[in-house]
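If you read the protein sequences in the order shown, they are chains A and B. Heads up: the first sequence runs through residues 1 to 314, numbered per this note's numbering. Heads up: the second sequence runs through residues 315 to 993, numbered per this note's numbering. Using N, Cα and C, we set each Cβ at its ideal position, and we do this for glycine too. In what follows, a structure is listed as structure tokens, so that the remarks can point back to it.
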Amino acid sequence: MTIAPFIIEVLQFVILLCVAPLFAGWAKMLKCWSQGRTSPGLFQPYRDIVKLFSKDVALAENASWIFRFTPYLVFGSAVLVGGIIPILSTDLPLAATADVIVLVALFAIARFFTALAGMDIGTAFGGMGSSREMMISSLAEPAMLMAIFTISLAAKSTSLSQMVQVIYSGQSLFRPSIAFALLAFILITLAETGRIPVDNPATHLELTMIHEAMILEYSGRHLALMEWAGMMKLFLFVSLGIAAFFPWGIAPAGDLAAIPVAFIFLLLKLCIAGIFLVLIETGLAKMRLFRLTEFLGAAFLLATLGMLSHFILE
Amino acid sequence: MSEPIDLAFSAIILLLSAPVIAMLLNRSQHLLITAGFSLAVAASALAVAAGVWTVSNGTANKMILVAGLPDLPFHLRLDPLSGFFVVVIGLLSLFVSIYSIGYAKGFLGQRRITSLVIFYCIFIAGMFMVVLADDALIFLISWEVMAAASYFLVMFEDERIENRRAALLYMVVAHVGAIAILLSFGVMAGLATGFKDFSGYTFDAMRASQFPVEWAAVAFFLAFFGFAAKAGVIPLHVWLPEAHPVAPSNVSALMSGVMLKTAIYGIVRVTFDLIKIFPWWWGAVVLVFGLVSAVMGVLYALMQHDLKRLLAYHSVENIGIILIGIGLAMIFASVKLPLLAALALIAGIYHTLNHAMFKGLLFMGAGAVLHATHERNMEEMGGLIHSMPWTAALFLVGCISISALPPFNGFVSEWLTFQAFLLSPSLPGSLLKLLMPMGAALLALTGALAAACFVKAFGVTFLGHWRGLRKPRVREANWPMRLGMVMTALVCLFLGIMPTLVIEWMDTIPGQLVGSKMGTSAGAFGWMWLTPITHERASYSGIIVFLGILAVVVISYLLLHVKPGTIQRVPIWDCGFEKISERMQYNAASFSMPIRRIFGFLFSIRQRVRPVGNGHSAFPKRIHYSLRIRDRFWGWLYRPVADVSFWVSRKVGRLQQGRIQAYLIYSFVTIIVLLVFSI
């Protein structure tokens, strides 16, 4: 057993923890620019996190252990997912722990507890956020799985590292099914990470809040963990998309020299992904809650079309 | 004790001796609770030992009892399949019996529990007998014993009219199903001997014979109908959400957790063991029924506000998921893909075990809540996590498991089912290939909706504040109840993080039924990774997921708690409104409102909003809101059947004149007709 994969694994964790806020800052900066505002700078998310960590926690009187445990669990599951997705290299000791279905389920358990935490205090806001979030996720999750299944049918595997290797070997490029799956995946990423047009991360208006409503009662280090985990979730969804659809640059197994190149590729791809994200966010308006069924239905339809075209055309 | 079947048989004898003990101890109800349920604990433990032994051996052993009708002795057989179900039944009844020692104390001083103990033990014995039966006769007798005992258990609190109605409905559906099963066995037994003599009634004779295709189809669909009625497959599910909630909670746990599983056992036994050769479309029918039950079950569950009813609808959903696995196994087996059939069959029966555990746990938790608050309506509840910390934590384990979230057990079997779906490209035929993706999508939808439903169930019951007007004094469940639930929760966790061990143990079942083992540790990995087919294809390690999350949680917790005393307890932030009240919380109806709006077309919903009091309609003093949601199947299927049978019986009733002369004429005509036919 060589030590190299373990070093890469640790590197991935470091990148996850450090680059995720950077990516969030990048998206925020671009958004400010595109709307003609002055941006708070690339490093504002770090400052926010540090500030929140140094503050005391104000906890509602009837908060139970669920409320206090949730930030740690959400953070923990995000970190674990970061160790499984091939961000730098496919040669990860943790890669065999979970395939894509498990990754989806790990996001689901974080969401399950966040929704419970929203209901824990007993305010109307929290319950509203939980109810809406579970509605959206119950429509987004099948679409997500369908998109993933389409790729995994092409790759004959649900393991992400294996998918990357198959795409490397040039077997499943530029197929119609993959294109449909990619479109569906983009729509779902917007829904799952709470971006416009599904949810607005910057709002605190009761009619439009979804994710923010659930974590409204959090403060101090708990809020810091939730915010950080939120940034990691965005980063992880983008990395998941990169690994499944644009894996070029990810280092193949046993190639240590390719790691710096992989890192540069990653940053480049993140820059581009950020630009795309901001283009979508500034180009669209937030949807009404019950219009979302059409949005998520479209995602599901696209994913299903992808799967059908896999069976019919390929 | 030389053979496992002796152990299992002695467990049944032990359980059947319960009535004697109950009669003897009738005077001292306290002692009866302890003695009766301890007896069930001991018998269940014996049965579990027998089952585990048989499954790991992979051999079958038989027993012939010279009882019953002359020349038609009872045959018993314990093979890996029945051994597995003996373990499922035994394990849950072991935990539930421990729980019952505490739970039944709640009835002391209110009613006599003698009948509860008697029928509880007979009920468990009936279930054991069903899975041990090796001929049609003892199978049907045991089936009826089980049904009758559970009928009396549903009727236990018989002063309420809803309980009597539910029990009657249950009895009717159970018997319609039993008739179908009887006919199915009749077809198979007749064909086994060519309608010559009675020796075809043993399962051995049925196993040995080859049925013609069309008769096999008749036998299969009769049996499927009969077992589906017992399992609560949609559209035969209506009795289930009526009967399960009104039974005492320990009985609900057994009925939902394991009684439904005897029907699954029946389907697997008849299909894979007795009929053996079948076309793929049978599997497709089972798969479609499974998918419909799964999705509709969870959607109906989401609309409920009675905690136990909600859980009962989830049984419909989970039976659906099990049938998906079995349907896939049938499809794969019929096109001669034994390895994939083994995977799908394992997925189905692993979910059977998982569902028994987490549904048992959830019903026990609901029972503890009911016991403490005397309330079944979730709209009234809230904040119980503070007064019932144990029950809340254990109920949460059940919620996570049933929502198919890692690292608990429900996820493992759903993951395996997904893997089976993803292997569908190896199937011939484009119709099948198109069915599969839709199936996978519906299963995904089911899982996501189940999570939404259990956020609602747990959130509304245990979190927030008490929603009702008067908060009762709530006390935590007593120790036997906690112990029963803790053990079930631990098994849920074990099945979630150690699936490889369990699947290797039960791999003898597909080995015998579909002719191939799944072989979990394919590839280079060891016991920690579950790798169906190959490790390149897919892998999952529950234990690493569990330990990984645990490690990050502990590390981040320790890092952040270097400074003590940095948490301040403050009142809820009320936006400066200062009149925030418990009634403003989200409740069960409001939580499920978005989903109700999206999937509303599936239900018959009547919603009324009415301002109360005088004044301008734009500024009502109070608003009266009522919501009624009904199962559409009542109107579609049951109302017409009920109407027709009433109509027929009214017409037939005309024959009853009440005059002896008319009756004598009837008898005379009947004899003449019979004589004509016999010539």
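Problem - Contact list for G778 of chain B against chain A, beta-carbon separation under 9 Å - result: Looking up residue 778 of chain B in the second sequence gives position 464. What G778 of chain B touches in chain A: N62, M119, D120, I121, G122, T123, G126 and G127.
Practice task
Determine the direct distance from the alpha carbon of A656 of chain B to that of V726 of chain B, and round the result to whole angstroms.
Solution key: In the second sequence, the residue the question calls residue 726 of chain B occupies position 412. In the second sequence, the residue the question calls residue 656 of chain B occupies position 342. For V726 of chain B and A656 of chain B, the distance between alpha carbons rounds to 15 Å.
Problem - Any chain B beta carbon closer than 7 Å to P86 of chain A - result: In the first sequence, the residue the question calls residue 86 of chain A occupies position 86. P86 of chain A does not count as touching chain B.
Exercise for the section: Take N340 of chain B as the anchor and find which of B:I432, B:S370 and B:D393 has the nearest alpha-carbon. Expected result: Residue numbering aside, residue 340 of chain B sits at position 26 when the second sequence is read from its first letter. Cα-wise, what sits closest to N340 of chain B is B:I432.
Exercise for the section: Can you tell me which of B:P739, B:G761 and B:P751 puts its alpha carbon nearest to the alpha carbon of L714 of chain B? Expected result: Here residue 714 of chain B refers to the residue found at position 400 when the second sequence is read from its first residue. The sequence shown places Ile at residue 714 of chain B, not Leu. Checking every option, the nearest Cα to that of I714 of chain B belongs to B:G761.
Practice task
Between the Cα of I578 of chain B and those of B:M441, B:Y434 and B:A361, spot the shortest distance and give me the residue it belongs to.
Solution key: Numbered from its first residue, the second sequence carries residue 578 of chain B at position 264. Out of B:M441, B:Y434 and B:A361, B:M441 has the C-alpha closest to the C-alpha of I578 of chain B.
Exercise for the section: Compare the C-alpha of A60 of chain A against each of A:M119, A:M232 and A:S34 and name the closest. Expected result: For the purposes of this step, residue 60 of chain A is identified with residue 60 of the first sequence, where counting begins at 1. Among A:M119, A:M232 and A:S34, the Cα nearest to that of A60 of chain A belongs to A:M119.
Practice task
Kindly identify the DSSP beta-bridge partner or partners of R283 of chain B.
Solution key: Lying before the first or after the last residue shown, residue 283 of chain B is absent from chain B, which here runs from 315 to 993.
Practice task
Report the neighbours of I886 of chain B on chain A: residues whose CB is nearer than 8 Å to its CB, in chain order.
Solution key: As a working mapping, residue 886 of chain B is identified with position 572 in the second sequence. Neighbours of I886 of chain B on chain A, chain order: A60, E61, N62, I121, G122, T123 and E217.
Handout entry: Cβ shell of L256 of chain A (< 7 Å), same chain only, five flanking positions each side left out
Key = Here residue 256 of chain A refers to the residue found at position 256 of the first sequence. Here the set comprises A4.
Handout entry: Proximity to I319 of chain B [Cα-Cα], best of B:A492, B:V362 and B:M702
Key = Within the second sequence, the letter at position 5 stands for residue 319 of chain B. Of B:A492, B:V362 and B:M702, the residue nearest in Cα terms is B:V362.
Handout entry: Beta-carbon neighbours of I109 of chain A, restricted to chain B and to distances below 8 Å
Key = Locating residue 109 of chain A in the first sequence gives position 109, where the first residue counts as 1. Correct list: I714, L719 and P720.
Exercise for the section: Look at the alpha carbon of G837 of chain B and the alpha carbon of I847 of chain B, and state the distance between them as a whole number of angstroms. Expected result: As a position in the second sequence, residue 837 of chain B is number 523, starting the count at 1. As a position in the second sequence, residue 847 of chain B is number 533, starting the count at 1. Unreliable placement is indicated for G837 of chain B, whose pLDDT of 47 sits below 50; the coordinate value is still reported in the next sentence. Approximately 9 Å between the Cα atoms of the pair.
Handout entry: R47 of chain A (DSSP reduced to helix, strand or coil)
Key = Taking the first sequence and counting its residues from 1, the one referred to as residue 47 of chain A is at position 47. R47 of chain A: helix per DSSP, three-state reduction.
Exercise for the section: Compile a chain-ordered list of the residues in the stretch 71–82 of chain A whose CB is closer than 7 Å to at least one CB of chain B. Expected result: Y72, L73, F75, G76, S77, V79 and L80
Handout entry: Partners in chain B for L223 of chain A, counting only beta-carbon separations shorter than 8 Å
Key = For this step, residue 223 of chain A is matched to residue 223 along the first sequence. What L223 of chain A touches in chain B: nothing, since even the nearest Cβ is about 12 Å away.
Practice task
Please confirm whether I1003 of chain B and S607 of chain B have their CB atoms less than 7 Å apart.
Solution key: Given a span of 315 to 993 for chain B in the structure shown, any question on residue 1003 of chain B remains unanswerable.
Handout entry: Through-space distance from F113 of chain A to V57 of chain A, alpha-carbon basis
Key = If you number the first sequence from 1, residue 57 of chain A lands on position 57. If you number the first sequence from 1, residue 113 of chain A lands on position 113. One C-alpha to the other measures close to 19 Å.
Exercise for the section: Run down chain B in chain order and give the residues with a C-beta less than 7 Å from the C-beta of D99 of chain A. Expected result: Counting from one through the first sequence, the residue named residue 99 of chain A turns up at place 99. Here the neighbours are A852, S853 and Y854.
Exercise for the section: Evaluate contact between the stretch 123–133 of chain A and the stretch 207–220 of chain A, counting only Cβ atoms and requiring at least three cross-stretch pairs below 8 Å. Expected result: yes
Handout entry: Proximal residues to A374 of chain B (C-beta, below 7 Å), its chain only, five neighbours per side dropped
Key = Looking up residue 374 of chain B in the second sequence gives position 60. The residues are R391, L392 and D393.
Problem - CB-CB length for L270 of chain A against F23 of chain A, believed under 8 Å - result: The residue given as residue 270 of chain A occupies position 270 in the first sequence. The residue given as residue 23 of chain A occupies position 23 in the first sequence. Between F23 of chain A and L270 of chain A the Cβ distance is about 5 Å, and since that is below 8 Å, they are a contact.
Problem - Residue-level contact to chain A via CB, P318 of chain B, 7 Å cutoff - result: Counting from 1 along the second sequence, the entry for residue 318 of chain B is found at position 4. Output row for P318 of chain B: interface = no.
Problem - Cβ-based neighbour list, I335 of chain B, same chain, cut-off 7 Å, excluding 5 preceding and 5 following - result: Numbered from its first residue, the second sequence carries residue 335 of chain B at position 21. Cβ within range, chain order: A349, G350 and L353.
Exercise for the section: Check whether the Cβ of S131 of chain A lies closer than 7 Å to any Cβ atom in chain B. Expected result: Counting from one through the first sequence, the residue named residue 131 of chain A turns up at place 131. Yes, because at least one Cβ of chain B sits closer than 7 Å to the Cβ of S131 of chain A.
Exercise for the section: May I ask you to list, following chain order, the residues of the stretch 817–831 of chain B that have a beta carbon less than 9 Å from some beta carbon of chain A? Expected result: none
Handout entry: Among A:I101, A:A108 and A:F180, the one whose alpha carbon lies nearest that of T193 of chain A
Key = By one-based count along the first sequence, residue 193 of chain A stands at place 193. Comparing Cα-Cα distances from T193 of chain A to each of A:I101, A:A108 and A:F180, the minimum goes to A:A108.
Problem - Q970 of chain B versus L482 of chain B - alpha carbon distance - result: Position 656 of the second sequence holds residue 970 of chain B. Position 168 of the second sequence holds residue 482 of chain B. Looking at the two C-alpha atoms, the distance is approximately 25 Å.
Exercise for the section: Buried or exposed for N928 of chain B, please, with buried defined as at least 16 other CB atoms from any protein chain shown within 10 angstroms of its CB. Expected result: Looking up residue 928 of chain B in the second sequence gives position 614. With fewer than 16 Cβ atoms within 10 Å of its Cβ, N928 of chain B is classed as exposed.
Exercise for the section: Answer yes or no: does any C-beta atom of chain A fall closer than 7 Å to that of I909 of chain B? Expected result: For this step, residue 909 of chain B is matched to residue 595 along the second sequence. Yes, because at least one Cβ of chain A sits closer than 7 Å to the Cβ of I909 of chain B.
Practice task
Taking only the alpha-carbon atoms, compute the straight-line gap between I663 of chain B and S39 of chain A and give it to the nearest angstrom.
Solution key: Along the second sequence, read from residue 1 onward, the residue named residue 663 of chain B stands at position 349. Along the first sequence, read from residue 1 onward, the residue named residue 39 of chain A stands at position 39. I663 of chain B and S39 of chain A: Cα-Cα distance of roughly 57 Å.
Handout entry: Buried or exposed (CB count within 10 angstroms, at least 16 for buried), Q733 of chain B
Key = Start at 1 with the first residue of the second sequence, and residue 733 of chain B comes out as number 419. Buried, because 16 or more other Cβ atoms sit within 10 Å of the Cβ of Q733 of chain B.
Problem - Within chain B, the residues that Q162 of chain A reaches when beta carbons sit closer than 7 Å - result: Here residue 162 of chain A refers to the residue found at position 162 when the first sequence is read from its first residue. Going along chain B in sequence order, the residues near Q162 of chain A (Cβ under 7 Å) are E850.
Handout entry: Cβ neighbours of L106 of chain A in the same chain (closer than 6 Å, five flanking residues each side left out)
Key = One-based indexing of the first sequence puts residue 106 of chain A at position 106. Same-chain partners within the cutoff: S77 and V81.
Practice task
Quick one: using the 10 Å Cβ neighbour count with 16 as the cut-off for buried, is W553 of chain B buried or exposed?
Solution key: Reading the second sequence from its first residue, position 239 is the one you call residue 553 of chain B. The residue is buried, with at least 16 neighbouring Cβ atoms inside 10 Å.
Problem - Residue-chain proximity (Y900 of chain B, chain A), Cβ-Cβ < 7 Å - result: Here the question's residue 900 of chain B lines up with position 586 in the second sequence. Judged by the 7 Å Cβ criterion, Y900 of chain B is in contact with chain A.
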